[in-house]
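Chains as they are written, first to last, in the working numbering: chain Z, 420 to 712; chain V, 2 to 159. Take a look at the structure set out below.
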Amino acid sequence: MLFDSEDPRKMRFEAPTSIDDAVALLAGEGGISRVLAGGTDVLVQLRSGMVEPDLVVDLKRIPGMFDIADEDGGWRIGAAVPAIQMKEHSALAAAWPGVVEAANLIGSTQVHNRATLAGNLCNGSPAADSVPAMIAADAVVRLHGPNGTRDVPVGDIPTGPGKTSLAQGEIVGSVYLPGRPGGSGDAYLRFIPRSEMDIAVVGAGVSLNMDGDTVTSARVALGAVAPTVRLVAEAAAALEGRTIDQAADDLAAAASAACSPIDDKRGTVEFRTRVAGVLAVRAARIAADRAKG
Amino acid sequence: MSKIHVTTSVNGDEAEFLAEPEETLLDVLRDHLHLTGAKEGCGTGDCGACTVNLDGRVVCSCLVLAAEAQGREIKTIEGMANGEKLHPLQTKFLEHAALQCGICTPGILVAAKDLLERNADPTETEIRFWLAGNLCRCTGYDKIVRAVQDAAAEMRGA
Numbered sequence: 420m421l422f423d424s425e426d427p428r429k430m431r432f433e434a435p436t437s438i439d440d441a442v443a444l445l446a447g448e449g450g451i452s453r454v455l456a457g458g459t460d461v462l463v464q465l466r467s468g469m470v471e472p473d474l475v476v477d478l479k480r481i482p483g484m485f486d487i488a489d490e491d492g493g494w495r496i497g498a499a500v501p502a503i504q505m506k507e508h509s510a511l512a513a514a515w516p517g518v519v520e521a522a523n524l525i526g527s528t529q530v531h532n533r534a535t536l537a538g539n540l541c542n543g544s545p546a547a548d549s550v551p552a553m554i555a556a557d558a559v560v561r562l563h564g565p566n567g568t569r570d571v572p573v574g575d576i577p578t579g580p581g582k583t584s585l586a587q588g589e590i591v592g593s594v595y596l597p598g599r600p601g602g603s604g605d606a607y608l609r610f611i612p613r614s615e616m617d618i619a620v621v622g623a624g625v626s627l628n629m630d631g632d633t634v635t636s637a638r639v640a641l642g643a644v645a646p647t648v649r650l651v652a653e654a655a656a657a658l659e660g661r662t663i664d665q666a667a668d669d670l671a672a673a674a675s676a677a678c679s680p681i682d683d684k685r686g687t688v689e690f691r692t693r694v695a696g697v698l699a700v701r702a703a704r705i706a707a708d709r710a711k712g
Numbered sequence: 002m003s004k005i006h007v008t009t010s011v012n013g014d015e016a017e018f019l020a021e022p023e024e025t026l027l028d029v030l031r032d033h034l035h036l037t038g039a040k041e042g043c044g045t046g047d048c049g050a051c052t053v054n055l056d057g058r059v060v061c062s063c064l065v066l067a068a069e070a071q072g073r074e075i076k077t078i079e080g081m082a083n084g085e086k087l088h089p090l091q092t093k094f095l096e097h098a099a100l101q102c103g104i105c106t107p108g109i110l111v112a113a114k115d116l117l118e119r120n121a122d123p124t125e126t127e128i129r130f131w132l133a134g135n136l137c138r139c140t141g142y143d144k145i146v147r148a149v150q151d152a153a154a155e156m157r158g159a
């Protein structure tokens, strides 16, 4: 790009029609590149001058990117599937209401119509609403890269604010949500100081398997309380083998103990730490109610 | 890089333009196609003044690259009235004085039209949440909500 005769900083836009072509474009780019799905973060970065990419690769012309496909009892969700499309998919929304609701908390109607799970993950925000829900759901992303394809748990993707473990040329092609046995449920709750259109001060995702009123296994993930979304094993352990009422105090304590938040204009360390415990318990109650049907 | 040639459909008519790679759909609608109904308020997807319908869903055109529009169907506020005949939402906005400065109005009308096409009888709560991404600094929203409800009632009766 240094030798571009018109403007050395000018961005290139490509809309390949295969994932291999997309990978090749990204792998071959020596400068800054961005993958474009819903664009609700990438365009903001672009226009604010936060990033001046040499290359933008739009995934939306690649077959399958808008598909929600049944696979081994679960769902494979293409990287360009907007939040609204998941909400409209009745089987997916019934199986993973927490994940679907989390994605549809992000921004406005206009944003739900564009924003994707894959994009929310790759943007790397510690406050990304869908990420705690996906980690609680034990979701797995399929990465396509120059060395082939690999499946990676969602929790292994973020490495810090705005940073991911993706290698050069790697693309999240899809997110896989596993099938749900009977007696299971999930939920995601966030705290914001208004009713809509804000960034999580704290987010809590909980997924449970239940036998009657007793939790048999649990996954609890917290957002906006650490540099990355955090899976909290101690919070899951507090739930397992007990009812929600029995577990509530220990769950709240474990969730709060897992926090290492920042102070900022949206919340103090003390507030975030306390609210993480409260939201974990509330989300667990909703997940349990859903598990019991 | 040279400009990108894009062919698309705007309000049912084929439209062609040459876009810079970093130009947004909003830039092209306003500056190339001279459809200045959609406004740039924030440029970050927060205010909804640039709302258009892209392939059947409302989006912030400030967050869409113009090149993405290749082969897509775009509907803007300019296509809402049928010639001189206003859409019921437009009529009701005038009757209820649901606008003052008017900057947000095109985006709100496009978003509200999509709502009523999906839900002929939305509750007040549903209207308020649907329009949460369309900011209005003049009206306090109440007149907007009433106008949408009244338009919905008229359209159901029609």
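For each residue, glycine too, the CB sits at the ideal point set by N, CA and C. Being a predicted model, the structure only gives us computed values, none of them experimental.
Query                                                                                                                                                                            : Result
Which residue comes first and which comes last in the alpha helix (DSSP H) that contains Val146(V)?                                                                              : Asp143 to Gly158
With 8 Å as the limit, tell me which residues of the segment 560-590 of chain Z have their beta carbon closer than that to any beta carbon of chain V; keep them in chain order. : none
Against chain Z, which members of the segment 30-47 of chain V pass a CB distance test of less than 8 Å?                                                                         : Gly44, Thr45, Gly46 and Asp47
Ile503(Z) touches chain V at which residues, Cβ-Cβ below 8 Å?                                                                                                                    : Arg58
In whole angstroms, give me the CA-to-CA distance for Leu87(V) and Asp151(V).                                                                                                    : 15 Å
Please check the pair Gly49(V) and Ala112(V), which I expect to be a contact at CB under 8 Å, by giving their CB distance rounded to whole angstroms.                            : 7 Å
Quick one: Cα of Thr45(V) to Cα of Val53(V), how far?                                                                                                                            : 15 Å
Sorted by chain position, which residues of the same chain lie with C-beta nearer than 7 Å to Leu511(Z)'s C-beta, five sequence neighbours on each side aside?                   : Ile487, Trp494, Met505 and Val519
Would you mind telling me which residues of chain V sit closer than 7 Å to Gly526(Z), beta carbon to beta carbon, in chain order?                                                : Gly46 and Gly134
Count the other CB atoms, across all protein chains shown, that sit within 10 Å of the CB of Met469(Z); report buried if there are 16 or more and exposed otherwise.             : exposed
Tell me whether Gly492(Z) sits in a helix, a strand or coil according to DSSP, three-state version.                                                                              : coil
Taking only the alpha-carbon atoms, compute the straight-line gap between Ile104(V) and Leu64(V) and give it to the nearest angstrom.                                            : 18 Å
At what residues does the beta strand (DSSP E) containing Lys76(V) begin and finish?                                                                                             : Glu74 to Lys76
Opposite Glu79(V) in the DSSP bridges: which residues?                                                                                                                           : In DSSP, Glu79(V) forms no bridge with anything.
Just the C-alpha distance for Ile75(V) and Gly13(V), rounded to the nearest angstrom, thanks.                                                                                    : 8 Å
Would you report the Cα separation of Lys614(Z) and Ile145(V), rounded to the nearest angstrom?                                                                                  : This sequence places Ser at residue 614(Z); Lys is not what is there. Answer to the nearest angstrom: the Cα atoms are 19 Å apart.
Can you give me the start and stop residues for the alpha helix (DSSP H) that Glu125(V) sits inside?                                                                             : Glu125 to Trp131
Just checking my contact of Val639(Z) with Ala676(Z) at CB under 8 Å: how many whole Å lie between their CB atoms?                                                               : The pair is not a contact, with the Cβ atoms about 12 Å apart (cut-off 8 Å).
For Ile525(Z), I'd like the list of residues in its chain whose CB is within less than 6 Å of its CB, leaving aside the five on either flank, ordered along the chain.           : Ala534 and Asp548
Quick check: what's the CA-CA separation for Lys429(Z) versus Asp473(Z)?                                                                                                         : 6 Å
Given that a residue counts as buried once 16 or more other Cβ atoms are within 10 Å of its Cβ, and exposed if not, what is Leu421(Z)?                                           : Note on Leu421(Z): pLDDT 43, under 50, position unreliable in the model; no value is reported.
For Thr436(Z) and chain V, any beta-carbon pair shorter than 7 Å?                                                                                                                : no
Mapping the DSSP letters down to three states, classify Phe422(Z) as helix, strand or coil.                                                                                      : Confidence at Phe422(Z) is low in this model, with a pLDDT of 43, below 50, so the placement of that residue should be treated as unreliable; the coordinate-derived value is given next. Phe422(Z) falls in the coil class under three-state DSSP.
Glu15(V) to Pro612(Z), Cα distance in whole Å?                                                                                                                                   : 45 Å
Let me see if you follow: with CB-CB separation under 7 Å, is Thr687(Z) close to chain V or not?                                                                                 : no
Mind checking Asp605(Z): buried by the 16 CB within 10 Å criterion, or exposed?                                                                                                  : buried
Got a sec? Which residues, its chain only, sit under 7 Å from Pro646(Z) by beta carbon, not counting five neighbours each side?                                                  : Pro545, Gly579 and Pro580
Does the beta carbon of Ser10(V) sit closer than 7 Å to a beta carbon anywhere in chain Z?                                                                                       : no
If distances are taken between C-alpha atoms only, which option among Arg31(V), Cys139(V) and Leu116(V) comes closest to Trp131(V)?                                              : Leu116(V)
Is it buried or exposed, Glu69(V), if we count other Cβ atoms within 10 angstroms and call 16 or more buried?                                                                    : buried
Going by DSSP in three states, Met616(Z) sits in which element: helix, strand or coil?                                                                                           : coil
For the segment 521-547 of chain Z, which residues have a CB atom closer than 8 Å to at least one CB atom of chain V, in sequence order?                                         : Gly526, Ser527, Thr528, Gln529, Val530, Asn532 and Arg533
So, using beta-carbon positions, are Ala619(Z) and Leu641(Z) closer together than 7 Å?                                                                                           : no
Once the 5 residues before and after Met629(Z) are set aside, which same chain residues still bring their CB inside 8 Å of it?                                                   : Gly602, Ser603, Gly604, Thr635, Ala707, Ala710 and Lys711
To the nearest angstrom, how far is it from the Cα of Pro123(V) to the Cα of Gly108(V)?                                                                                          : 18 Å
Spell out whether any CB of chain Z is found under 7 Å from the CB atom of Pro22(V).                                                                                             : yes
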